[in-house]
Amino acid sequence: MNRHIIIASHSTLAAGVAETLRFFEGEGLKLTVITAYVDNKPIEDTIRDIFKNYNEDDEYIILTDLMAGSVNQKFVEHIFNKEHVHLIAGMNLSLAMAITMEPKDSYISEKRINEIIEESRKQIIYVNESLAIVGEDEEDE
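FYI, in full-length UniProt numbering the residues of the sequence shown are 1 to 141.
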């Protein structure tokens with residue numbers, strides 16, 4: 001089993017996420033990066049190339065930027081009737097790091113993917129509000 005991690009976004013967000021992941025995890029990290037609409041190559045061709053050599057024993061984790069975005073929508077048709085193909089929209093760095101750091105000796109379960117998504121949501125915090133709460137707690141002491 002091979003795990004294919006695809007990071008896809010409008011413009012260069014995916015490249016930035018990939019560069020940051022490699023900063024933390026090393027240059028050997030295998031990723032496919034799609035920076036849609038920055039060249040004249042149709043994204044459909046790039047996606048078709050990824051799935052041209054689809055292997056049902058492999059795992060494909062696709063991270064995209066926006067649920068309702070065109071990049072995500074172009075992947076949707078490629079996930080039906082394919083086991084071990086997971087499409088996750090709304091990526092952030094926390095999510096991407098958790099996915100890339102999962103053990104590679106077995107498939108990532110749907111349950112585990114949902115846990116990772118929930119954990120990454122918790123990393124989105126309005127810091128001003130958090131600091132205000134901390135300040136209130138210190139005043140009470």
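Where is the CB? At the ideal position from N, CA and C, for every residue including glycine.
With 16 or more other Cβ atoms inside 10 Å of its own Cβ, residue 6 counts as buried.
In this structure residue 20 is exposed. Its beta-carbon is surrounded by fewer than 16 other beta-carbon atoms within 10 angstroms. Contact check for residue 86 against residue 60 passes: the beta carbons are separated by less than 8 Å.
Here DSSP, grouped into helix, strand and coil, assigns residue 31 to coil. Pairwise C-beta distances place the region 15 to 31 in contact with the region 89 to 106, as three or more of them are shorter than 8 Å. For residue 39 and residue 132, the gap between their C-alpha atoms comes out near 45 Å. As a beta-bridge residue in DSSP terms, residue 64 pairs with 8 and 89.
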